[in-house]
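Visitor: Going by full-length UniProt numbering, the residue at position 27 of the sequence shown is 27; the numbering climbs one at a time, nothing skipped.
Before I ask anything, let me first share the structure, which is written out below as structure tokens.
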Amino acid sequence: MLDIKHTICPSCSVGCGLNIVSKDGVVVGTYPYKRHPINEGKNCLNGRNSILQFEDSIKKPSFVKNNELEESDNESIIKAIKDQLDSIDANELAIICSGNNTNEEIDRIIKFAEEYGSEKIGFYGYNFPNFFGDVASYDDVYNASTILAIGDIYRDNPLLGRRIVLSKENGAKLINLDDVEKSITSLNADEFIQFKDGEFADKIDALKDQLDENSVIIVNKIDSKEDFALIEGLSKGANAKLLPVFNAPNSKGAMNRLNSLDNDEIKDLIDNSKVLIVVKDNLLDYLSEDDIKGKSFIVNISNEKNRFAELSDIVLPGKFWVEKSGTFTNCEGLEQNFSISAECENDNLSEIEMFDELA
Ligand code: SF4
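Given below as structure tokens:
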């Protein structure tokens, strides 16, 4: 029997609705959530393909020996992690969460860290600092007279890109700033500005006369927290609204709860810990193998089959987002609930259950 359940797309922070189609309890496809106000009946390919993460994923809790995963069971793995935690001082534990965790999971993990006594907890924010200022809404984007897009919004956040297209049809001017030679956004921009190493500050400064209170600055890519401060300065100086957009669905929720760490801060955590718990993140997306290897005992909570899993000591697959409920906060700051839309096919613990067990 076919069944359709509403959920929230896990592939970026725009927060589109997505329908999960199951047949006899097995997920077989996706379909745009037609009445959802954010995506207005559409999903991009990244969103439509979100369920492909089921394919070739890690199914069983495993110990890792010589880069090979050896399947085990929840009980043995939880005991092994507890033994590690019992053998170290509280400040020798570090936890790296991610924007792929739900708000409820992050709250549970923070409580665990507090009770254990470790203050070494944060998430990798892709160079965005914690940002608590007002953000532009998608309606602001639609109604803007000038949009400054920093990064390739059309490619990485297509349903927000669609708002920009509609805004352009409404008469808005699109300026695109990026360090690449050409991108989908640049090809559709009225003005494309490419910057090279060391030029970002000057390019930002030169834009101040083009923006005003009817402008929106959208940014999904920056090289450093200092660069974000320049963008924030431009936004304040011109009275333009600002919308930081992230590649993970709940980066904003993570940012509201945890320190957003950059590469050096993450490396520092790793160098100064004996046990490192990483929850739904792939450290090799932003660190090198040398930054990780042989430094601490790594507990990798993730279903992703990748090189980072091979470099970990324990891999504990959690539940997929369709197998659990919770909330994601999108880049606009909107907190959206989602419920279980597919039954878990194995006995994997949810992230909350894992930290309940470890506590
Ligand atoms: S724009 Fe982002 S949230 Fe929307 S469908 Fe695409 S990947 Fe999912």
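Idealized CB from N, CA, C, for every residue including glycine.
Can you have a look at Asp140 and say buried or exposed, based on whether 16 or more other CB atoms are within 10 angstroms of its CB?
Guide: Buried, since its Cβ has 16 or more Cβ neighbours within 10 Å.
Visitor: Confirm the yes/no value for this check: CB of Val141, any heavy atom of the ligand SF4, distance under 8 Å.
Guide: No; taking the cut-off as 8 Å, the Cβ of Val141 has no heavy atom of the ligand SF4 nearer than that.
Visitor: Along the alpha helix (DSSP H) that carries Glu357, what are the first and last residues, could you check?
Guide: First-last of the alpha helix (DSSP H) with Glu357: 351 to 358.
Visitor: Between the segment 292 to 302 and the segment 262 to 277, are three or more C-beta pairs nearer than 8 Å?
Guide: Verdict: yes, contact present.
Visitor: Examine the ligand SF4 and report whether any of its heavy atoms sits within less than 8 Å of the Cβ of Asn100.
Guide: False, no ligand heavy atom lies under 8 Å from that Cβ.
Visitor: How far does the beta strand (DSSP E) with Thr146 in it extend, from its first residue to its last?
Guide: Counting along the chain, the beta strand (DSSP E) containing Thr146 begins and ends at 146 to 150.
Visitor: Please give me, in chain order, every unbroken run of the beta strand (DSSP E) with length at least 3 that falls completely inside the segment 43 to 100.
Guide: Those beta strand (DSSP E) runs which fall completely within the segment 43 to 100 and span 3+ residues are 62 to 65, 68 to 71, 93 to 97.
Visitor: Taking 8 Å as the cut-off, is the CB of Cys16 close to at least one heavy atom of the ligand SF4?
Guide: Cys16 Cβ: within cutoff of the ligand SF4.
Visitor: Classify Val180 as buried or exposed, calling it buried when 16 or more other Cβ atoms lie within 10 Å of its own Cβ.
Guide: The residue in question, Val180, is exposed, as its Cβ has fewer than 16 Cβ neighbours within 10 Å.
Visitor: May I ask you to list the residues that DSSP assigns as paired with Gln194?
Guide: BP columns for Gln194 point to Asp178.
Visitor: Does Ala206 pass the burial test, meaning 16 or more other C-beta atoms within 10 Å, or should it be called exposed?
Guide: Under this definition Ala206 is an exposed residue.
Visitor: Quick one: any contact between the segment 211 to 226 and the segment 149 to 164, if contact means 3 or more CB pairs under 8 Å?
Guide: The segment 211 to 226, when compared against the segment 149 to 164, does touch it at the 8 Å Cβ threshold.
Visitor: Would you say Lys173 and Ser145 are within 9 Å of each other, going by their C-beta atoms?
Guide: Yes. Within cutoff.
Visitor: Assign Gly198 to one of two classes, buried (16 or more other C-beta atoms within 10 Å of its C-beta) or exposed (fewer than that).
Guide: Label assigned to Gly198: exposed.
Visitor: For Ser11, I'd like the list of residues in its chain whose CB is within less than 6 Å of its CB, leaving aside the five on either flank, ordered along the chain.
Guide: Answer for Ser11: Asn46, Gly47, Ser50, listed in chain order.
Visitor: For the segment 108 to 128 against the segment 319 to 338, are there 3 or more C-beta pairs whose distance is under 8 Å?
Guide: Because the criterion of three Cβ pairs below 8 Å is not met, the segment 108 to 128 and the segment 319 to 338 do not touch.
Visitor: Would you list the one or two residues that DSSP bridges to Leu2?
Guide: DSSP, once it has assigned bridges, lists Lys23 as partnering Leu2.
Visitor: Considering only the beta carbon of each residue, do Pro244 and Lys60 sit closer than 9 Å?
Guide: Their beta carbons are not under 9 Å apart, which means Pro244 does not touch Lys60 by this criterion.
Visitor: Checking the sheet assignment: what are the DSSP bridge partners for Pro244?
Guide: DSSP output for Pro244 lists Val219 as bridge partner(s).
Visitor: Buried or exposed for Gly161, going by 16 or more other Cβ atoms inside 10 Å?
Guide: Per the 10 Å Cβ criterion, buried.
Visitor: Go ahead and label Ser76 buried or exposed: buried means 16 or more other beta carbons lie within 10 angstroms of its beta carbon, across all protein chains shown.
Guide: Result: exposed.
Visitor: Is DSSP giving Ile8 helix, strand or coil here?
Guide: Note: Ile8 maps to strand in three-state DSSP.
Visitor: The ligand SF4 and Gly171: does any heavy atom of the ligand fall closer than 8 Å to the residue's C-beta?
Guide: Because no heavy atom of the ligand SF4 lies under 8 Å away, the Cβ of Gly171 does not count as near it: no.
Visitor: Mark Met1 as exposed unless 16 or more other C-beta atoms lie within 10 angstroms of its C-beta, in which case mark it buried.
Guide: When all chains shown are included, Met1 counts as exposed.
Visitor: Ignoring anything shorter than 4 residues, give me the alpha helix (DSSP H) runs that lie fully in the segment 247 to 307, in order along the chain.
Guide: Segments of the alpha helix (DSSP H) lying fully in the segment 247 to 307: 251 to 257, 263 to 271, 289 to 292.
Visitor: From Phe54 to Asn19, what does the alpha carbon distance come to, in whole angstroms?
Guide: The straight-line gap from Cα to Cα measures roughly 16 Å.
Visitor: Given the structure, does Lys20 come close to the ligand SF4, in the sense that its CB is under 8 Å from one of the ligand's heavy atoms?
Guide: For clarity, residue 20 is Ile in the given sequence; the question names Lys instead. For the ligand SF4, not one heavy atom lies less than 8 Å from the Cβ of Ile20.
Visitor: Using the DSSP secondary-structure output, state which residues sit across from Glu169 in a beta bridge.
Guide: Bridge partners of Glu169: none, in fact.
Visitor: Indicate the three-state DSSP secondary structure (helix, strand or coil) for Phe112 in the structure shown.
Guide: Residue state, collapsed to three classes: helix.
Visitor: Hey, would you say Asn331 sits closer than 9 Å to Ser13, going by beta carbons?
Guide: The sequence shown places Cys at residue 331, rather than the Asn named in the question. Against a cut-off of 9 Å, the Cβ pair of Ser13 and Cys331 comes out as a contact.
Visitor: Measure the CB-CB distance between residue 361 and Ala113 and report whether it falls below 9 Å.
Guide: Outside the shown range of the chain (1 to 359) lies residue 361, about which nothing can therefore be said.
Visitor: Go ahead and pull the three-state DSSP assignment for Ile38.
Guide: In the structure shown, Ile38 sits in coil (DSSP, three-state: anything other than H, G, I, E or B).
Visitor: Given that a residue counts as buried once 16 or more other Cβ atoms are within 10 Å of its Cβ, and exposed if not, what is Lys208?
Guide: Exposed is the call here.
Visitor: From the DSSP output, which residues share a beta bridge with Asn337?
Guide: Asn337 is bridged to Thr327.
Visitor: Please report the distance separating the alpha-carbon of Lys34 from that of Lys5.
Guide: Rounded to whole angstroms, Lys34 to Lys5 spans 12 Å at the Cα level.
Visitor: Spell out the partners DSSP gives Val315 in its beta bridges.
Guide: Answer by DSSP bridge pairing, in chain order: Ser62, Asn300.
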